[in-house]
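Q:
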């Protein structure tokens, strides 16, 4: 995805904005938060002008379990009336690998509603994710992994994300997803609850 070129630049700017170690360098990844984001999406063969917004969140159940949910909506700037709404929900399990690093396993469902002028369809699929989250770089949290979606033709998305924690309650986030069906780039904020 061509937007991926922005990620290293954004991370460099974020790191320069605050002195390393200034914000909770000893904090492990948190699992009680809400994200609000703007998204740009490129569907295979459908053009690259899908833009929209979304909100997602995670609620901690205990030391290892969490519940998560997400809603996002995008519209195609080239075709007014074409839009896609996605709702996802499930639960996750995180296992500490080190003091600042966790292995995260997610299991949930994703419901996608597609509307085009005079036509609409929907699909609900199982999604399974495997990610590593780390805060070894102080205020900069990194996440990398993959998510499998059980469409008729199975799809695996590669995920790469970063959150720069300006405080322990607020951070700036960027997330890149790249798969066979779609690529997406998100920019947003994270609020810790």
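Numbering (the numbering used here), first residue to last: 141 to 333. Don't be surprised by glycine CBs; every beta carbon is placed ideally from N, CA and C.
Among 271, 251, 273 and 303, whose alpha-carbon lies nearest the alpha-carbon of residue 349?
A: Outside the displayed range of the chain (141 to 333) lies residue 349, so it cannot be described from this structure.
Q: With contact counted as at least three CB pairs below 8 Å, one residue from each stretch, are the segment 212-223 and the segment 238-245 in contact?
A: Verdict: no, contact absent.
Q: Where in the segment 258-330 do unbroken runs of the beta strand (DSSP E), each at least 3 residues long, occur, reported from the N-terminal end onward?
A: Segments of the beta strand (DSSP E) lying fully in the segment 258-330: 259-277, 280-289, 295-305 and 310-318.
Q: Alpha carbon to alpha carbon, what distance is there between residue 213 and residue 283?
A: C-alpha separation (whole angstroms): 23 Å.
Q: Expressed to the nearest angstrom, what Euclidean distance is found between the alpha-carbon atoms of residue 181 and residue 323?
A: Whole-angstrom Cα-Cα distance: 6 Å.
Q: Since residue 248 is in the beta strand (DSSP E), which residue starts that stretch and which ends it?
A: Counting along the chain, the beta strand (DSSP E) containing residue 248 begins and ends at 241-256.
Q: Tell me the residue span of the beta strand (DSSP E) that contains residue 204.
A: Taken as a continuous stretch (DSSP letters only), residue 204 belongs to no beta strand (DSSP E), as it is neither H nor E.
Q: Closest by CA to residue 344, which one among 303, 314 and 247?
A: Coverage of the chain is limited to positions 141 through 333, which leaves residue 344 absent and any answer about it impossible.
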